[in-house]
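Visitor:
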Amino acid sequence: MPEPKDIRNGLVCVGLNYKTTPVEVRERLAFPESKVPDAVQEVRGLPGFEECVVLSTCNRVELYATHALPSGDDGHAALREYLVTRFELQPEHAEALVLYNLDSAEAARHLFRVVSGLDSMVLGETEIFGQVKAAYKVALDTGTTSRALNKLFQQAFTVGKKVRNETTIQRGSTSVGSVAVDLAEKVHDLKECRVMLVGAGEMSRTCAQSLLSRGAKSIIVSNRSYDKAVELAAEMKGTAMKFDEWEHALHEVDVIISSTSAPHFVIKPEQIDQVMRKRRWEPLLIIDIAVPRDVDPAVNNIEGVYLYDIDALQAIADEGRRERMRQLASCEHIIEEQLAKYGFLKPGGGLVPA
Amino acid sequence: MPTSQQLLLAATLIFVGAIVQALLALKSGAWKQGRAQFLLMVLGFALQTDFIYLRGKEVGQCPMKSLADILVFIAWSIVMLYFLLGSSFRLSLLGLFTAPLVSIMHGIALTAGFAPYPPKGQINALVELHIALALIAYAAFALACITGVMYLVQERMLKRHQIGGLFYQLPPIQGLAQAIQRLVWLGLLLLSISLGVSFALHLPMTKTGHVVFAWGVWALYAVCAFLMWRHFTSPRKTAWLAVIGFILPFISLWIVTHA
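Protein sequences, first through last, are from chains A and B. Here the numbering used here is used: the first residue of the first sequence is 2, the next is one more, and so on. Here the numbering used here is used: the first residue of the second sequence is 76, the next is one more, and so on.
1) Roughly how many angstroms lie between the CA atoms of B/H181 and A/V222, to the nearest whole one?
2) The beta strand (DSSP E) that contains A/M197, what's its start and end?
3) Cα separation between A/R45 and A/H68?
4) Select from A/D183, A/L198, A/F113, A/R29 the residue whose C-alpha is nearest the C-alpha of A/S174.
5) Against B/G250, what residues of chain A qualify as contacts under a CB-to-CB distance less than 8 Å, listed in chain order?
6) Alpha carbon to alpha carbon, how far is B/T173 from B/S79? Give it in angstroms, no decimals.
7) Quick one: what's got a C-beta closer than 8 Å to A/I303's C-beta in the same chain, skipping five residues either side?
8) Please specify which runs of the alpha helix (DSSP H), each continuous and at least 4 residues long, are wholly inside the stretch 210 to 272 of chain B, giving them in chain order.
9) Is there at least one Cβ from chain B nearer than 8 Å to A/K187's Cβ?
10) Along chain B, which residues have their Cβ under 8 Å away from the Cβ of A/I317?
11) Based on DSSP bridge pairs, tell me the residues matched to A/A241.
12) What are the complete beta strand (DSSP E) segments, minimum 3 residues, inside the stretch 65 to 92 of chain A?
13) Check whether the Cβ atoms of B/I255 and B/A297 lie closer than 8 Å to each other.
14) Under 7 Å Cβ-Cβ, which residues of chain B neighbour A/R281?
15) Taking the straight line between their C-alpha atoms, what separation do you get for A/D142 and A/E167?
16) Please say whether A/A341 and A/S176 have beta carbons closer to each other than 8 Å?
17) If you measure from the beta carbon of B/L316 to each beta carbon in chain A, is any gap under 8 Å?
18) Quick one: grab the DSSP three-state call for A/K6.
19) My output table needs one value for A/N302: the three-state DSSP class, helix, strand or coil.
20) Between the Cα of A/E51 and those of A/A66, A/I311, A/D245, spot the shortest distance and give me the residue it belongs to.
21) Tell me which same chain residues have a C-beta within less than 8 Å of the C-beta of A/P38, skipping the five on either side of it?
22) Give me the Cα-Cα distance between B/D144 and B/A294, rounded to the nearest whole angstrom.
23) Roughly how many angstroms lie between the CA atoms of A/V1 and B/L185, to the nearest whole one?
24) Tell me where the beta strand (DSSP E) around A/F50 begins and ends.
25) Going by beta-carbon coordinates alone, are A/C194 and A/I258 separated by less than 8 Å?
26) How far does the beta strand (DSSP E) with A/Y137 in it reach, from first residue to last?
27) In terms of residue numbering, what span does the beta strand (DSSP E) encompassing A/Y395 cover?
28) What does DSSP give as the partner residue(s) for A/D289 in the beta ladder?
29) Assuming A/L90 and A/V180 are in contact, meaning their beta carbons sit under 8 Å apart, how far apart are those beta carbons, in whole angstroms?
30) I'd like to confirm the pairing. Which residues does DSSP put opposite A/I13 in its beta bridges?
31) Using a Cβ-Cβ distance cut-off of 8 Å, determine whether A/E333 contacts chain D.
32) Taking the alpha carbon of A/W282 as the reference point, which residue from A/P298, A/T261, A/E253 has its own alpha carbon closest?
33) Along chain B, which residues have their Cβ under 7 Å away from the Cβ of A/P284?
34) Assuming the contact rule is C-beta atoms closer than 8 Å, A/M104 and A/L12 should be a hit. Round their C-beta distance to whole Å, please.
35) If you measure from the beta carbon of B/Q112 to each beta carbon in chain A, is any gap under 8 Å?
36) Start and end of the alpha helix (DSSP H) containing B/Q197?
Written out as structure tokens, the structure is:
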């Protein structure tokens, strides 16, 4: 099988993502992880195709391939047809399917942006880097990549690292859950962090899950409905506690996430002041997600106690998003520099045509 | 200007360069304790070491008698401890906070000037050890002071919800509190050994003012360490103690060298 002489020749990317396609269509076109090795083999087996990598995540399905067909349009059409056939789309669904068809330098730019997290739903998120690496590894192990795609993906990983190292695109929190994690990390070593949920609302569950996924040590759930506390504790592999007992555990936890529906303050300064001595001044982070608030704001005046209500968390997340947007231009600049370095841009500017 | 002082001036400029580099990077929001920062600290340390070596040859003994020499030796010890403690405590911004203190100490030393020493008949290794250990202990107290400043900065940002560039670079506040304690304990241990050596030397406290001041400093930090150990003070007060407490050894150096 002849190999392309140049990485820029015969490279195509066909895909769909959260911007082009609603989730009900994306889920129909997603490749289960176990089926990706078969998929890359199938694409490479298409007439005229040489190499292939399939990237399938909850937010995107993309086929990167090299081919020896007469034109890029032929490559796009073949890949589109493959998707329609592979997922047995009805003619009306096939016709409504919106895909982006990219060639050569455009495909490389797109991949570099994807790896850098610039094409992600949460700008600058880092998970996509690992997902692309995993997709490439599957293709590599299956033997469906060769010189062109190996080179392209190695370049993409270099660009992704460069973007993250030279900008702060991944820094700052963009959601209430990640703000909670960032704050907890700046108060305690997360691996030693013990978390208590007072109230089992959806938002506190999200925050707790974020903390646990980042390595928090343990969790205690206390709720007016004890059954619900038990259910949530079981889900999070934690301990349930009756609502009238949560105060007794205050000295044992490092982070409190409160989200009860009480119309008055549940956590008061006198309770926390007493417990701080018992805690030997170990710092305590309190995240109050409830509206109306559960925690008396005066609690923040106690030494070693750091209180954040929902507005404070939201303000930090908003600033995080703005900060990432400010970094976007620097990231795009790095990507353009790298495209030029790897020969995807013409000396005077503009993409090298396919 | 003698070669030794030229080296010290160069070291000072490098530490100032490290501060500028870190501040510019912080301002752009992309600060990381990268290679540049580390290399500047290494280069500054190498020049400091070279200065101490040349100065020792100039005065024919360990250069730890004048205020200027003592300040440089403490500054050198601070940078040495920064290398030793930097990785274990992971105080990622310690370099940024260390460089200004070291630069100020160098600045004072260069302004005060390096006077020649009276000739020394015979060098007693125990005396040199006693002095060197005391000065390294002071360096540990200086690092505790710097860590205390870091704690107070981080604490203020957490309390006021000022989640900005510096916030992400500072270690967890709990880690900083522990680091202050460890540095105070380390300094106290080194100073205790130094004072133990003074007993072996039969140094009469009444005739050697610096030993009296060293005991004063020891007592101050022993009280601090005890308060920390028994958790009588909050970490915030401990940080303030580490910051303000360092003023005493700093002043004592001035008094001792001008007595």
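Built from N, CA and C at the ideal position, the CB exists for glycine as well.
Guide: The short version:
1) 55 Å
2) 195 to 199
3) 9 Å
4) A/D183
5) D190
6) 22 Å
7) P270, I273, D274, M277
8) 240 to 244
9) yes
10) H236, I238
11) A/V222
12) none
13) no
14) H306
15) 31 Å
16) no
17) no
18) Model confidence at A/K6 stands at a pLDDT of 46, short of 50, so the residue's coordinates are unreliable; what they give is reported in the following sentence. Three-state result, A/K6: coil.
19) helix
20) A/A66
21) V139, D142, T143
22) 25 Å
23) Nothing about residue 1 of chain A can be reported from this structure: the residues present for chain A run from 2 to 355 only.
24) 50 to 57
25) no
26) No beta strand (DSSP E) contains A/Y137, which is instead part of the alpha helix (DSSP H) from 128 to 143.
27) Because chain A here runs from 2 to 355, residue 395 of chain A falls outside it and cannot be looked at.
28) A/S259, A/D310
29) Between A/V180 and A/L90 the Cβ distance is about 41 Å, and since that is not below 8 Å, they are no contact.
30) In the sequence as presented, Ile is not what sits at residue 13 of chain A; that position holds Val. In DSSP, A/V13 forms a bridge with A/A66, A/D104.
31) Absent here is chain D; the protein component of the structure consists of chains A and B.
32) A/E253
33) I248, Q249
34) Looking at the sequence itself, residue 104 of chain A is Asp, so the reference to Met does not match. Right, their Cβ atoms sit about 7 Å apart.
35) no
36) B/Q197 -> no alpha helix (DSSP H), and no H or E assigned at all.
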